[in-house]
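Below is one structure, written out as structure tokens; comments come after it.
Number of protein chains: 2
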Amino acid sequence: MLDDLDRRLLEILIKDSRTSLKDLAQQVGLSSPSVAERLRRLEDRGVIRAFTVEIDPQALGYTLQAIVRIRPLPGKLHIVQKLIEEIAEFGECDKVTGDDCFVARLFVRSIGDLDKLLDRIADKAETSTAIIKAQPIRRRPPPLAATAISNP
Amino acid sequence: MLDDLDRRLLEILIKDSRTSLKDLAQQVGLSSPSVAERLRRLEDRGVIRAFTVEIDPQALGYTLQAIVRIRPLPGKLHIVQKLIEEIAEFGECDKVTGDDCFVARLFVRSIGDLDKLLDRIADKAETSTAIIKAQPIRRRPPPLAATAISNP
DNA sequence: AGGCGTCGGTCCAGATCGTCCAGCATTTGA
DNA sequence: TCAAATGCTGGACGATCTGGACCGACGCCT
Chain L
1 MLDDLDRRLL EILIKDSRTS LKDLAQQVGL SSPSVAERLR RLEDRGVIRA FTVEIDPQAL
61 GYTLQAIVRI RPLPGKLHIV QKLIEEIAEF GECDKVTGDD CFVARLFVRS IGDLDKLLDR
121 IADKAETSTA IIKAQPIRRR PPPLAATAIS NP
Chain A
1 MLDDLDRRLL EILIKDSRTS LKDLAQQVGL SSPSVAERLR RLEDRGVIRA FTVEIDPQAL
61 GYTLQAIVRI RPLPGKLHIV QKLIEEIAEF GECDKVTGDD CFVARLFVRS IGDLDKLLDR
121 IADKAETSTA IIKAQPIRRR PPPLAATAIS NP
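Residue numbers (UniProt numbering), protein chains in the order written: chain L, 1 to 152; chain A, 1 to 152.
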């Protein structure tokens, strides 16, 4: 799926996606046109979804994050989903099996904002909210290695 | 906090962090040294946490994702946290208020792997797992605007 | 008001980088 | 066995980045 060089390139880019082709080339021992070609193919294959920038929500004033479990009332599923998508403070939302239909992450600047935003869903769904106290693991990609499972 | 130019730069970089300084400069109407300087400051201030690459777990064979709520048994909190951090398939973990101590995201290649990984925690914590069926919102940053709250 | 420091900007030139192309080695498949 | 395909390299050339000199706006102090 990925060869060793691809993995090394990705690992470097995960740390700094603005690394120049020349640097990448040096670090993996290829020429820069080869690296350019490999990156192009990784994008084509969809392995690289995007080169992007990770922004610190705190630095923007979002001092609070919450995980919200959302159970739409009967018949309200689509309205609720649309609402969630439209509220930009939802930074992530997964539709899951089980009682809770959605699990979402909410960025807010204050408890007041949290309350205001949840109020906009309150008449269409039951929610339960857990405030995030710490982030032992911040978003990271899955292991790149081809092997089956994390070292046992 | 951020001025309009900063916001525009960030928006461009969120879409493609490899955009050249020259392009950035053109798009916001500055010279490229000024843009370089602004980016440097955004990094210094911690607004930009990293330039990185978004990888598609599916393209790597991780066809399954799950949200796992984890409630360590009495006295096991730290051991459990350490264990979670060490298992690379955990792609995210938040420590939250409420009964569930941790909420984590797990990337796996099969239901079998899911079971194997959860087994490694099973004797130290209660877990409840929800399989992700769809992702209405994939990871996105909070709104960059300085205004209080999403359009009401 | 005038002087001065700072901040953020421009312009320019030398250094660095990316891209295109021709050519070569290795692998693949008919 | 040979032809085509693949993946790489090196070099040339154009594009981009970087650092320095300089400039204007602004706020502050005297």
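Glycine is no exception: its CB is placed at the ideal position from the N, C-alpha and C atoms.
**Message:** If you follow the beta strand (DSSP E) that I55/A is in, where does it begin and where does it stop?
**Reply:** By one-based count along the second sequence, residue 55/A stands at place 55. 48-55 is the span of the beta strand (DSSP E), which, as asked, contains I55/A.
**Request:** Output the distance between the C-alpha atoms of G112/L and L10/L, rounded to the nearest integer angstrom.
**Result:** The residue given as residue 112/L occupies position 112 in the first sequence. The residue given as residue 10/L occupies position 10 in the first sequence. Going from the Cα of G112/L to the Cα of L10/L covers about 41 Å.
**Neighbourhood of P152/L by C-beta, 6 Å cutoff - its chain only, sequence neighbours within 5 removed** = Taking the first residue of the first sequence as 1, we reach residue 152/L at position 152. Residue placement at P152/L is flagged as unreliable, the pLDDT there being 48, under the threshold of 50; a coordinate-derived value is accordingly withheld.
**Prompt:** How big is the Cα-Cα spacing for I12/L and L5/L?
**Reply:** Position 12 of the first sequence holds residue 12/L. Position 5 of the first sequence holds residue 5/L. I12/L and L5/L: Cα-Cα distance of roughly 11 Å.
**Item:** Whole-number beta carbon distance between S34/A and L64/A, since they are thought to touch under 8 Å
**Value:** As a first step, residue 64/A is located in the second sequence; it is residue number 64 there, counting from the start. As a first step, residue 34/A is located in the second sequence; it is residue number 34 there, counting from the start. So it is not a contact: roughly 46 Å between Cβ atoms.
**Residue burial classification, A146/L (beta-carbon count within 10 angstroms, cutoff 16)** = Looking up residue 146/L in the first sequence gives position 146. Counting Cβ neighbours within 10 Å, A146/L comes out exposed, since fewer than 16 surround it.
**Asked** Quick one: what's got a C-beta closer than 6 Å to L21/L's C-beta in the same chain, skipping five residues either side?
**Response** Numbered from its first residue, the first sequence carries residue 21/L at position 21. If we look at L21/L and ignore the five residues flanking it on each side, its Cβ neighbours are S32, V35, A36.
**Message:** Short of 7 Å Cβ to Cβ, which residues in the region 23-50 of chain L face chain A?
**Reply:** R45, G46, V47, I48, R49, A50
**Item:** 8 Å Cβ cutoff, P72/A in contact with chain L
**Value:** Along the second sequence, one-based indexing puts residue 72/A at 72. For P72/A, the answer is no, since every Cβ of chain L falls outside 8 Å of its Cβ.
**Prompt:** What residues from chain A crowd round D100/L, counting only those whose CB sits closer than 7 Å?
**Reply:** Reading the first sequence from its first residue, position 100 is the one you call residue 100/L. Here the neighbours are A130.
**Request:** Compare the C-beta of A59/L against all C-beta atoms of chain A and say whether one is closer than 8 Å.
**Result:** Start at 1 with the first residue of the first sequence, and residue 59/L comes out as number 59. So, interface residue.
**Asked** Whole-angstrom Cβ separation of I132/L and R49/A, contact assumed at under 8 Å?
**Response** As a working note, residue 132/L is residue 132 in the first sequence. As a working note, residue 49/A is residue 49 in the second sequence. Between R49/A and I132/L the Cβ distance is about 16 Å, and since that is not below 8 Å, they are no contact.
**Request:** Could you list the residues in the region 63-95 of chain A with a C-beta less than 7 Å from some C-beta on chain L, going in chain order?
**Result:** I67, Q81, I84, E85, I87, A88, E89, F90, G91, E92, C93, D94, K95
**Item:** Listed by chain order, chain A residues near D56/L by CB distance under 7 Å
**Value:** Against the first sequence, residue 56/L aligns to sequence position 56. Per Cβ cutoff of 7 Å: G46, V47, R49.
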